[in-house]
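A.B. asks: For the sequence shown, the working numbering begins at 513 and goes up steadily by one. C-beta atoms are modelled at their ideal positions from N, C-alpha and C, and glycine is treated no differently.
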Amino acid sequence: MERMKRVFSGIQPSGLVHLGNYLGALRQWVLLQDQHECLYCIVDLHAITIPQKPKDLELQIRQTAALCLAIGINPERSILFVQSDVSEHGELAWILSCHAYMGELRRMTQFKDKSGSNQEESIGAGLFNYPVLMAADILLYNAQAVPVGEDQRQHLELSRDLSRRFNNLYGDVFYVPEPIIVKAGSRVMGLDDPLKKMSKSASSQYNYITLMDTPDQIRAKIKVAVTDSGREIRYDEGQKPAISNLLTIFSLVTNRQIAALERDYEGKGYGVFKKDLGEAVCEFVRPIQKEYAKRLDDPALDSILSQGASKASDLARRQIKIVKQALGLGFSPVH
Ligand code: TYM
């Protein structure tokens, strides 16, 4: 068995968790808790890098936590908590931002995508510093492994750079975290555009399937999903990006090999394939939705989150002390 590692990952409380989030990241969160010490965080401080309505945000934090439990995060094994409940995230983010370069932050593709080309004057500094807060999340717990989707690779690279830079200046304080990016599912593409990733900020809801979609919504979205020319069901990302994406989803929600699906649908055409895929996705989300409904209204959710915050705080407090000592901060003769 692989040595026990500390794992950290986070998800924004957008109130809308889609198949990309699940297949790229959350699925691994569940699997990793069997063998590792895991911390999973609802990153509400990241969410406020774009304007939020307080009441909505509050509800979305709860919904995201309930969903984490519904997919199988076990609070007896893993620490599930809300980022803003542990104030050291902000403290370490400030310290790390003093070691990050404007140039490297400006090069982050997610920042470039979100800020557009000519709008720097009115872009929030939080959006610019988003990846520094992300590095703080990870380094605050000295996590060794971070399961994320492909779109977070560059942010992880920055976390690694900041860790190394800090260690070079002040001694061995942080691990250099490794991303865990799975082969299949790390970049689920939009149903309406298989050349762009599935994204909650997409303008059309036909881009994504959420774990909370009704069977009718799921069937309708898959029915109108973009396909490729020809009619064979074949995995070929170059020639058939749309069908390859649908095959990946089909394979992961049913735990069947892509080759077996290709064989099953040989000569059958897109219509039959999409119909069956729609049913398979409905089947897949049904138990999650049932469990979610239970978890959302259960008062135990609050105690799970407060216990998670308390366990995370213990670890965070210890680590921030080490960081401050390394920097020559926080010396107080009265203590
Ligand atoms: P968020 O909430 O945007 O995404 C949560 C996870 O879902 C993955 N993901 C995808 N995977 C495959 N295909 C897609 N189309 C797709 N879209 C999203 C993301 O890669 C992510 O793993 N910045 C992080 C949250 C965060 C974090 C952290 C993660 C904050 N601090 C520290 C790890 C460690 C994010 O993008 O969340």
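Does the Cβ of R699 lie closer than 7 Å to at least one heavy atom of ligand 1?
C.D. replies: In this structure, the C-beta of R699 approaches ligand 1 to less than 7 Å from one of its heavy atoms.
A.B. asks: Could you tell me whether any non-hydrogen atom of ligand 1 is closer than 7 Å to the CB of D649?
C.D. replies: yes
A.B. asks: In the structure shown, what three-state DSSP assignment does D704 receive?
C.D. replies: coil
A.B. asks: I believe Q595 touches G527 by the beta-carbon criterion, under 8 Å. Please report the beta-carbon distance rounded to the nearest angstrom.
C.D. replies: The C-beta separation of Q595 from G527 comes to about 16 Å, leaving the pair out of contact by the 8 Å criterion.
A.B. asks: Which whole-angstrom value is the C-beta distance of L645 and L557, which I expect to be below 8 Å?
C.D. replies: For L645 against L557, the beta-carbon gap comes to about 6 Å, under 8 Å, which counts as contact.
A.B. asks: Skipping 5 residues on each side, what residues in its chain have a beta carbon closer than 7 Å to that of F785?
C.D. replies: I745, Y777
A.B. asks: Do V688 and S521 have their C-beta atoms closer together than 8 Å?
C.D. replies: no
A.B. asks: Which residue wins for smallest C-alpha separation from C553, given the options F593, D568, G532?
C.D. replies: Checking every option, the nearest Cα to that of C553 belongs to F593.
A.B. asks: Leaving out five residues on either side along the sequence, give the residues of the same chain with a beta carbon under 8 Å from the beta carbon of K780.
C.D. replies: Excluding sequence neighbours, K780 sits near I745.
A.B. asks: For G779, which beta-bridge partners are listed by DSSP?
C.D. replies: Beta-bridge pairing links G779 to no other residue.
A.B. asks: Beta-carbon within less than 6 Å of I734's beta-carbon, same chain only, minus the 5 sequence neighbours each way: which residues are those?
C.D. replies: Counting only Cβ-Cβ distances below 6 Å, and skipping sequence neighbours, we find K786, L789, G790.
A.B. asks: From Q666, I523, Q717, A537, pick the residue whose C-alpha is nearest to that of A696; which is it?
C.D. replies: A537
A.B. asks: Considering only residues of the region 530-610, which uninterrupted beta strand (DSSP E) runs meet the minimum length of 3 residues and lie entirely inside it, listed in chain order?
C.D. replies: Those beta strand (DSSP E) runs which fall completely within the region 530-610 and span 3+ residues are 549-554, 591-594.
A.B. asks: For K708, which residues in the same chain have their Cβ closer than 6 Å to its Cβ, ignoring the five residues on either side in sequence?
C.D. replies: G702
A.B. asks: Should S521 be counted as a contact of ligand 1 given a C-beta to heavy atom distance under 7 Å?
C.D. replies: yes
A.B. asks: First and last residue of the alpha helix (DSSP H) that includes R619?
C.D. replies: DSSP places R619 in no alpha helix (DSSP H); its state is neither H nor E.
A.B. asks: Buried or exposed: which applies to V736, given that a residue is buried once 16 or more other Cβ atoms fall within 10 Å of its Cβ?
C.D. replies: exposed
A.B. asks: Between the C-alpha atoms of W541 and N719, what's the straight-line distance to the nearest angstrom?
C.D. replies: 24 Å
A.B. asks: From G532 to G840, what distance separates their C-alpha atoms?
C.D. replies: Taking the straight line from one Cα to the other gives about 43 Å.
A.B. asks: Looking at ligand 1, does it come within less than 7 Å of M710, judged from the CB to the closest heavy atom?
C.D. replies: yes
A.B. asks: Please list the terminal residues of the continuous alpha helix (DSSP H) segment that includes R676.
C.D. replies: 665-682
A.B. asks: When the Cα atoms are used, what is the spatial distance from S815 to L543?
C.D. replies: 24 Å
A.B. asks: Let me know the secondary structure DSSP gives V765 once reduced to three states.
C.D. replies: helix
A.B. asks: What separation, rounded to the nearest whole angstrom, lies between the Cα atoms of S675 and A648?
C.D. replies: 10 Å
A.B. asks: When the Cα atoms are used, what is the spatial distance from R539 to Q729?
C.D. replies: 22 Å
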